[in-house]
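As structure tokens, the structure follows; a few thoughts come after it.
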């Protein structure tokens, strides 16, 4: 990594060394404040507008949404079959319904099937009934969506669940299982002869940001394809991706770097609301050191799993997994030391900084959504105008 002596001066304030480069105009800048400066405003606004247009025109469906759709279709099919059998005879047995349902789905692997595959198994009448049910009213649509239980991250624990249980909605709901913390973590004084700088907590945030981003993106399943999960984490965390050790000087540097890396990766790019959600998750995880240790422990196990993969994945990914494993263990040791009283002010300050950053991002997201609505309205009007012109030509 470049040292500050090697970096040119910020193109906005002309005082601080530049640490970042605008992905749109290649302007060098030192901080988020300079990036949002009036001198760079036209580029910033155009960048966000391009993101909005792309989001509106190229919306993709995530794996979790596909699975939810499949579950809804399967449940609808089951209810449809039940109604059909009831019309034929009042004495039909439940076993008969299950056999009929299974006979139509017996050759389908629900884990790998797409919504289109499941849709093909429905008759024309069943498809029409399903669509009519969705279009009938909002209550019916919400009821179908609720059939697919949403995935919940493990760091959403007792407080959230107790709140729901008070109104009797989650009495039988299981708590997400917290990853097992690595046993006998060595003291940081054993791993490093020098006491760690307090700024190292920003490095820790950079790692946890990538972890949360990946866990939410993959619906909690890091083990299904450990190599892909590792690649995702390396794409977001510059600390784990870098061969050279370094320390972020501020929380802003740590967070902005992660966000920029995720935005540049077209496969990972998510709306700003997703980034805000990730920051909320980081606040929750850092509210309990055992949660920080659990997150790092799952990362540590992931990098170990990658090293056990077939050698066909290549030496590069194995070497990177090995280095990431060592780095993660070091920060496990550092996180364990955060239980000491001397780090209490640092943790409190971190929580305040994160809350402030979330507030600023929310305001920015509101502007983003307002622009998005305007562009959607404009595109809709253009579409209607085009349709009218085509009708007139016909």
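Numbering (UniProt numbering), first residue to last: 1 to 394.
Where is the CB? At the ideal position from N, CA and C, for every residue including glycine.
The alpha-carbon separation between residue 373 and residue 240 amounts to approximately 38 Å.
Every unbroken stretch of the alpha helix (DSSP H) spanning 4 or more residues and falling wholly within the segment 222-249 is given here in chain order: 226-236 and 238-241.
The three-state reading of DSSP puts residue 317 in helix, counting H, G and I together. Contact check between the segment 313-321 and the segment 269-285: fewer than three CB pairs, one atom from each, fall below 8 Å, which does not count as touching. About 5 Å separates the CB atoms of residue 210 and residue 233; that is less than 8 Å, so the two are in contact.
For the pair residue 195 and residue 202, the Cα-to-Cα distance works out to about 16 Å.
Per the C-alpha coordinates, the member of 207, 361, 370 and 336 positioned closest to residue 183 is 336.
The beta carbons of residue 242 and residue 248 sit no closer together than 7 Å. Non-local beta-carbon contacts of residue 330 in its own chain, meaning distances under 7 Å to residues more than five positions away in sequence, involve 191 in chain order. By the CB criterion at 7 Å, residue 28 and residue 11 fall inside the cutoff.
Following the DSSP letters along the chain, one finds residue 33 inside the alpha helix (DSSP H) bounded by residues 32-35. In the three-state scheme derived from DSSP, where H, G and I count as helix and E and B as strand, residue 188 is classed as helix. The C-alpha of residue 307 lies about 29 Å from the C-alpha of residue 338. One thing to note: residue 185 has its Cβ within 7 Å of the Cβ of residue 332. Between residue 181 and residue 299, the CB-CB gap reaches or exceeds 7 Å. Contact between residue 270 and residue 361 does not hold, since their C-beta atoms are separated by about 13 Å, which reaches or exceeds 8 Å. Sixteen is the threshold: since fewer than 16 other Cβ atoms of the shown chains lie within 10 Å of the Cβ of residue 41, the residue is exposed. In the three-state scheme derived from DSSP, where H, G and I count as helix and E and B as strand, residue 256 is classed as helix.
A Cβ-Cβ distance of about 5 Å is found for the pair residue 265 and residue 235, placing them in contact under the 8 Å criterion.
CA-to-CA, the gap between residue 122 and residue 129 works out to about 10 Å.
Residue 228 has its alpha-carbon roughly 11 Å from the corresponding atom of residue 313. With a contact defined as Cβ atoms closer than 8 Å, residue 155 and residue 291 qualify at about 5 Å. When secondary structure is reduced to three states using DSSP, residue 9 falls in the strand class. With a cutoff of 7 Å on beta-carbon distance, residue 208 and residue 295 are scored as near each other.
In the three-state scheme derived from DSSP, where H, G and I count as helix and E and B as strand, residue 21 is classed as strand.
For residue 197, the secondary structure class from DSSP, reduced to helix, strand or coil, is coil. In this structure residue 273 is exposed. Its beta-carbon is surrounded by fewer than 16 other beta-carbon atoms within 10 angstroms. When only Cα atoms are considered, residue 381 and residue 370 end up about 17 Å apart. Burial is judged here by how many other beta carbons sit within 10 angstroms of a residue's own beta carbon; residue 25 has fewer than 16 and is exposed. Residue 127 carries a helical assignment under DSSP once its states are collapsed to helix, strand and coil. Beyond the five residues adjoining it in sequence on each side, residue 224 comes within less than 8 Å, by CB distance, of 218 in the same chain, given in chain order. In this structure residue 347 is in contact with residue 286, their Cβ atoms being roughly 7 Å apart against a cut-off of 8 Å.
For the 7 Å CB-CB criterion, residue 19 and residue 30 form a contact. Residue state for residue 288 is assigned as coil, using DSSP reduced to three classes. The alpha carbon of residue 349 has as its nearest neighbour, out of 250, 261 and 305, the alpha carbon of 250.
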